[in-house]
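Below: one structure, written as C-alpha coordinates.
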Amino acid sequence: MILLLGGTSDSQNIAKAFNKNDINFYLSVVSDYGESLAKSVAENIIKGRLTKAEMVEFIQNHQVNKIVDATHPFAEEVSKNAISACEATATPYFRFERPSFSAGGILEVDSVKEACQKAQEYSGNIYLTTGSKTLGEFLKYLPKKAIIARVLPTTEVMNAIEKLGLTTSQVEAIKGPFSRTLNRELLLHNKAGVMITKESGNAGGFLEKVEACHDLNIPCIVLRRKKINYPNKFSTIEELVHQVKE
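Residue numbers for the sequence shown follow my numbering, beginning at -8 and rising by one.
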(Lines of atoms letter the chains of each structure in order from A and count residues from 1; the text may use other names and numbers.)
(Lines give C-alpha, C1' and ligand atoms only; values in the text may rest on other atoms or scores of the structure.)
Protein backbone atom coordinates (compact mmCIF):
# COMPACT_ATOMS: atom_id res chain seq x y z
CA MET A 1 0.00 0.00 0.00
CA ILE A 2 1.21 3.49 -0.89
CA LEU A 3 0.71 6.68 1.10
CA LEU A 4 0.31 9.55 -1.36
CA LEU A 5 0.83 12.96 0.23
CA GLY A 6 -1.35 15.34 -1.76
CA GLY A 7 -2.96 18.74 -1.78
CA THR A 8 -1.92 19.75 -5.31
CA SER A 9 -3.22 19.30 -8.85
CA ASP A 10 -0.18 17.07 -9.35
CA SER A 11 -1.37 14.68 -6.64
CA GLN A 12 -4.80 14.50 -8.29
CA ASN A 13 -3.19 13.47 -11.56
CA ILE A 14 -0.93 10.97 -9.81
CA ALA A 15 -3.96 9.45 -8.08
CA LYS A 16 -5.66 9.05 -11.46
CA ALA A 17 -2.55 7.35 -12.82
CA PHE A 18 -2.44 5.02 -9.80
CA ASN A 19 -6.07 4.07 -10.38
CA LYS A 20 -5.38 3.39 -14.05
CA ASN A 21 -2.47 1.12 -13.10
CA ASP A 22 -4.36 -0.67 -10.27
CA ILE A 23 -2.02 0.71 -7.60
CA ASN A 24 -3.58 0.76 -4.14
CA PHE A 25 -3.03 3.94 -2.14
CA TYR A 26 -4.13 6.23 0.65
CA LEU A 27 -4.40 9.91 -0.29
CA SER A 28 -3.46 12.35 2.47
CA VAL A 29 -4.86 15.89 2.38
CA VAL A 30 -4.91 18.73 4.90
CA SER A 31 -8.14 20.69 4.39
CA ASP A 32 -11.85 20.17 3.82
CA TYR A 33 -11.36 21.59 0.33
CA GLY A 34 -8.58 19.10 -0.37
CA GLU A 35 -10.80 16.29 0.86
CA SER A 36 -13.65 17.35 -1.43
CA LEU A 37 -11.31 17.17 -4.43
CA ALA A 38 -9.75 13.90 -3.29
CA LYS A 39 -13.11 12.10 -3.24
CA SER A 40 -13.21 12.11 -7.04
CA VAL A 41 -9.92 10.21 -7.36
CA ALA A 42 -9.39 8.19 -4.17
CA GLU A 43 -11.31 5.71 -2.03
CA ASN A 44 -8.97 5.87 0.97
CA ILE A 45 -8.54 9.44 2.22
CA ILE A 46 -6.83 10.79 5.33
CA LYS A 47 -7.50 14.39 6.33
CA GLY A 48 -5.22 16.39 8.59
CA ARG A 49 -1.63 17.55 8.83
CA LEU A 50 0.61 14.61 9.76
CA THR A 51 3.62 14.97 12.04
CA LYS A 52 6.63 12.70 11.66
CA ALA A 53 5.41 10.53 14.56
CA GLU A 54 1.93 10.25 13.04
CA MET A 55 3.41 9.26 9.68
CA VAL A 56 5.53 6.59 11.34
CA GLU A 57 2.47 5.25 13.15
CA PHE A 58 0.40 5.27 9.95
CA ILE A 59 3.13 3.44 8.03
CA GLN A 60 3.33 0.75 10.69
CA ASN A 61 -0.42 0.34 11.19
CA HIS A 62 -1.52 0.35 7.54
CA GLN A 63 1.14 -1.79 5.84
CA VAL A 64 2.48 1.19 3.89
CA ASN A 65 5.49 0.10 1.84
CA LYS A 66 6.11 3.34 -0.10
CA ILE A 67 5.47 7.06 0.37
CA VAL A 68 4.92 9.32 -2.63
CA ASP A 69 5.28 13.00 -1.75
CA ALA A 70 3.32 15.20 -4.16
CA THR A 71 2.84 18.13 -1.81
CA HIS A 72 3.24 21.77 -2.83
CA PRO A 73 6.83 22.91 -3.51
CA PHE A 74 6.53 25.22 -0.49
CA ALA A 75 5.20 22.59 1.93
CA GLU A 76 8.74 22.01 3.19
CA GLU A 77 7.78 20.84 6.67
CA VAL A 78 5.57 18.04 5.35
CA SER A 79 8.30 16.83 3.01
CA LYS A 80 10.91 16.87 5.79
CA ASN A 81 8.55 14.91 8.06
CA ALA A 82 7.93 12.36 5.32
CA ILE A 83 11.63 11.88 4.60
CA SER A 84 12.36 11.42 8.31
CA ALA A 85 9.45 9.00 8.76
CA CYS A 86 10.66 6.94 5.80
CA GLU A 87 14.19 6.83 7.21
CA ALA A 88 12.86 5.75 10.62
CA THR A 89 10.81 2.90 9.12
CA ALA A 90 13.06 1.95 6.18
CA THR A 91 10.23 2.87 3.81
CA PRO A 92 11.10 3.96 0.26
CA TYR A 93 10.37 7.65 -0.38
CA PHE A 94 9.49 9.07 -3.81
CA ARG A 95 9.18 12.79 -4.49
CA PHE A 96 7.18 14.25 -7.37
CA GLU A 97 8.60 17.73 -7.90
CA ARG A 98 6.89 19.90 -10.47
CA PRO A 99 9.57 21.39 -12.74
CA SER A 100 11.02 24.67 -11.55
CA PHE A 101 10.47 27.61 -13.86
CA SER A 102 12.59 30.70 -14.18
CA ALA A 103 11.48 33.92 -15.83
CA GLY A 104 13.21 37.14 -16.73
CA GLY A 105 12.39 40.48 -15.16
CA ILE A 106 11.40 39.15 -11.74
CA LEU A 107 12.77 40.05 -8.31
CA GLU A 108 13.76 36.83 -6.54
CA VAL A 109 13.94 36.65 -2.75
CA ASP A 110 14.54 33.91 -0.18
CA SER A 111 12.23 34.87 2.67
CA VAL A 112 8.89 36.48 3.48
CA LYS A 113 10.69 39.29 5.30
CA GLU A 114 12.89 40.04 2.29
CA ALA A 115 9.85 40.00 -0.01
CA CYS A 116 8.04 42.49 2.22
CA GLN A 117 11.02 44.81 2.44
CA LYS A 118 11.33 44.81 -1.34
CA ALA A 119 7.57 45.37 -1.85
CA GLN A 120 7.60 48.51 0.27
CA GLU A 121 9.98 50.15 -2.17
CA TYR A 122 7.00 50.58 -4.53
CA SER A 123 3.78 52.59 -4.32
CA GLY A 124 0.28 51.18 -4.75
CA ASN A 125 -1.38 48.14 -3.24
CA ILE A 126 0.59 44.96 -2.56
CA TYR A 127 -1.08 42.05 -4.36
CA LEU A 128 -0.37 38.78 -2.54
CA THR A 129 -0.85 35.51 -4.42
CA THR A 130 1.09 33.42 -1.92
CA GLY A 131 -1.92 31.66 -0.37
CA SER A 132 -3.58 31.93 3.01
CA LYS A 133 -1.22 29.79 5.11
CA THR A 134 1.57 32.38 5.26
CA LEU A 135 -0.64 35.47 5.28
CA GLY A 136 -0.09 36.04 8.99
CA GLU A 137 3.66 36.12 8.42
CA PHE A 138 3.32 38.76 5.71
CA LEU A 139 1.22 40.89 8.05
CA LYS A 140 4.19 41.07 10.44
CA TYR A 141 6.17 43.08 7.91
CA LEU A 142 3.65 44.85 5.66
CA PRO A 143 1.25 47.73 6.35
CA LYS A 144 -2.10 45.94 6.64
CA LYS A 145 -4.02 48.62 4.74
CA ALA A 146 -1.87 48.11 1.62
CA ILE A 147 -2.53 44.36 1.28
CA ILE A 148 -4.83 42.69 -1.23
CA ALA A 149 -4.81 38.91 -0.65
CA ARG A 150 -5.93 36.44 -3.32
CA VAL A 151 -7.09 33.23 -1.66
CA LEU A 152 -9.29 30.19 -2.18
CA PRO A 153 -12.98 30.84 -1.48
CA THR A 154 -13.42 28.26 1.30
CA THR A 155 -14.98 28.66 4.73
CA GLU A 156 -11.74 27.59 6.43
CA VAL A 157 -9.72 30.24 4.61
CA MET A 158 -12.25 33.02 5.09
CA ASN A 159 -12.52 32.31 8.83
CA ALA A 160 -8.74 32.41 9.16
CA ILE A 161 -8.51 35.70 7.26
CA GLU A 162 -11.24 37.30 9.34
CA LYS A 163 -9.17 36.58 12.45
CA LEU A 164 -6.22 38.37 10.84
CA GLY A 165 -8.26 41.55 10.57
CA LEU A 166 -8.38 42.11 6.81
CA THR A 167 -11.49 43.82 5.43
CA THR A 168 -13.65 42.31 2.69
CA SER A 169 -12.27 44.85 0.21
CA GLN A 170 -8.78 43.46 0.84
CA VAL A 171 -9.68 39.84 0.12
CA GLU A 172 -10.08 38.41 -3.36
CA ALA A 173 -11.61 34.98 -2.79
CA ILE A 174 -11.45 33.27 -6.15
CA LYS A 175 -10.45 29.87 -7.51
CA GLY A 176 -8.09 29.47 -10.46
CA PRO A 177 -6.81 28.69 -12.97
CA PHE A 178 -5.87 32.26 -13.81
CA SER A 179 -4.97 33.22 -17.36
CA ARG A 180 -2.54 35.98 -18.22
CA THR A 181 -5.51 38.19 -19.15
CA LEU A 182 -7.41 37.50 -15.92
CA ASN A 183 -4.31 38.16 -13.81
CA ARG A 184 -3.84 41.44 -15.63
CA GLU A 185 -7.46 42.50 -15.03
CA LEU A 186 -7.26 41.61 -11.34
CA LEU A 187 -4.07 43.62 -10.90
CA LEU A 188 -5.68 46.64 -12.53
CA HIS A 189 -8.93 46.28 -10.58
CA ASN A 190 -7.03 46.19 -7.29
CA LYS A 191 -4.73 49.10 -8.17
CA ALA A 192 -1.72 46.89 -7.53
CA GLY A 193 1.69 48.50 -7.48
CA VAL A 194 3.55 45.23 -6.91
CA MET A 195 2.82 41.51 -6.80
CA ILE A 196 4.32 38.96 -4.41
CA THR A 197 4.10 35.31 -5.46
CA LYS A 198 5.88 31.97 -5.10
CA GLU A 199 7.93 30.07 -7.66
CA SER A 200 5.37 27.29 -7.85
CA GLY A 201 6.03 26.11 -11.40
CA ASN A 202 3.75 26.04 -14.42
CA ALA A 203 1.17 23.86 -12.64
CA GLY A 204 0.76 26.67 -10.13
CA GLY A 205 0.08 29.33 -12.77
CA PHE A 206 3.42 31.03 -12.16
CA LEU A 207 4.13 32.05 -15.75
CA GLU A 208 0.72 33.70 -16.22
CA LYS A 209 1.30 35.87 -13.14
CA VAL A 210 4.73 36.97 -14.33
CA GLU A 211 3.45 37.75 -17.83
CA ALA A 212 0.60 39.86 -16.45
CA CYS A 213 3.05 41.87 -14.35
CA HIS A 214 5.28 42.38 -17.37
CA ASP A 215 2.31 43.59 -19.43
CA LEU A 216 1.52 46.25 -16.83
CA ASN A 217 5.12 47.05 -15.90
CA ILE A 218 4.39 45.99 -12.31
CA PRO A 219 7.26 44.53 -10.25
CA CYS A 220 6.86 40.80 -9.56
CA ILE A 221 8.57 39.64 -6.36
CA VAL A 222 9.08 35.88 -6.30
CA LEU A 223 9.83 33.69 -3.30
CA ARG A 224 12.33 31.04 -4.33
CA ARG A 225 11.80 27.41 -3.37
CA LYS A 226 13.82 26.23 -0.42
CA LYS A 227 16.47 23.66 -1.25
CA ILE A 228 15.61 20.23 0.12
CA ASN A 229 17.67 17.14 -0.56
CA TYR A 230 14.86 14.96 -1.88
CA PRO A 231 15.74 11.30 -2.43
CA ASN A 232 14.22 9.65 -5.52
CA LYS A 233 12.89 12.78 -7.23
CA PHE A 234 10.76 12.63 -10.38
CA SER A 235 9.24 15.32 -12.57
CA THR A 236 7.00 13.19 -14.81
CA ILE A 237 4.10 11.07 -13.62
CA GLU A 238 4.94 8.32 -16.10
CA GLU A 239 8.42 7.87 -14.67
CA LEU A 240 7.10 7.99 -11.11
CA VAL A 241 4.47 5.32 -11.76
CA HIS A 242 7.05 3.11 -13.45
CA GLN A 243 9.35 3.29 -10.41
CA VAL A 244 6.55 2.79 -7.89
CA LYS A 245 5.35 -0.35 -9.68
CA GLU A 246 8.78 -1.99 -9.53
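Quick reminder that beta carbons are idealized off the backbone N, C-alpha and C, glycines included.
Output needed for residue i: all residues of its chain with C-beta closer than 7 angstroms, excluding positions within five of it in sequence on either side, in chain order.
i: Asp1; result: Ala61, Phe87, Arg89, Ala194
i: Ala29; result: Gly(-3), Leu18, Val20, Ile36
i: Leu155; result: Leu126, Gly127, Leu130
i: Cys107; result: Phe129, Tyr132, Leu133
i: Lys43; result: Asn72, Ser75, Ala76
i: Gly115; result: Lys182, Ala183, Gly184, Val185
i: Lys104; result: Tyr132
What residues match up with residue i in a beta bridge as DSSP calls it?
i: Tyr84; result: Ile58
i: Ser19; result: Leu(-4), Ile37
i: Glu163; result: Arg141
i: Glu99; result: Val213
i: Asn116; result: Ala183
i: Phe225; result: Phe87
Looking at the secondary structure, which residues open and close the beta strand (DSSP E) in which residue i lies?
i: Arg171; result: Unbroken run through Arg171 is the alpha helix (DSSP H), 171 to 180; no beta strand (DSSP E).
i: Lys189; result: 183 to 189
Using a Cβ-Cβ cutoff of less than 6 angstroms, which residues in the same chain neighbour residue i once the five nearest sequence positions on both sides are dropped?
i: Val142; result: Ser123, Val148, Ala164
i: Ala33; result: Ala6, Leu18
Using the C-alpha atoms, what's the distance from residue j back to residue i?
i: Ile187; j: Tyr24; result: 24 angstroms
i: Asp206; j: Thr82; result: 48 angstroms
i: Phe16; j: Thr(-1); result: 16 angstroms
i: Lys238; j: Ser22; result: There is no way to answer for residue 238, as the model of the chain reaches only from -8 to 237.
i: Ile139; j: Pro168; result: 18 angstroms
i: Gln51; j: Glu99; result: 41 angstroms
i: Tyr118; j: Ser27; result: 28 angstroms
i: Gln3; j: Ile212; result: 29 angstroms
If we count the other Cβ atoms within 10 Å of its Cβ and call it buried at 16 or more, is residue i buried or exposed?
i: Lys136; result: exposed
i: Asn174; result: buried
i: Glu230; result: exposed
i: Glu190; result: buried
i: Met(-8); result: exposed
Just reading off the alpha helix (DSSP H) that residue i is part of, what are its end residues?
i: Ile152; result: 146 to 155
i: Glu202; result: 197 to 207
i: Phe129; result: 126 to 132
i: Val32; result: From DSSP, Val32 is part of no alpha helix (DSSP H); its letter is neither H nor E.
i: Lys43; result: 43 to 52
If you drop the 5 nearest sequence neighbours on each side, which residues of the same chain put their C-beta closer than 8 angstroms to that of residue i?
i: Thr146; result: Asp23
i: Arg215; result: Glu99, Val100, Asp101, Glu190
i: Glu48; result: none
Report yes or no: is there a C-beta of chain D within less than 8 angstroms of the C-beta of residue i?
i: Phe129; result: Going by chain labels, chain D is absent from the structure shown, which holds only one protein chain.
Does the ligand SAM have even one heavy atom less than 7 angstroms from the beta-carbon of residue i?
i: Ile165; result: This structure simply doesn't include the ligand SAM, nor any ligand for that matter.
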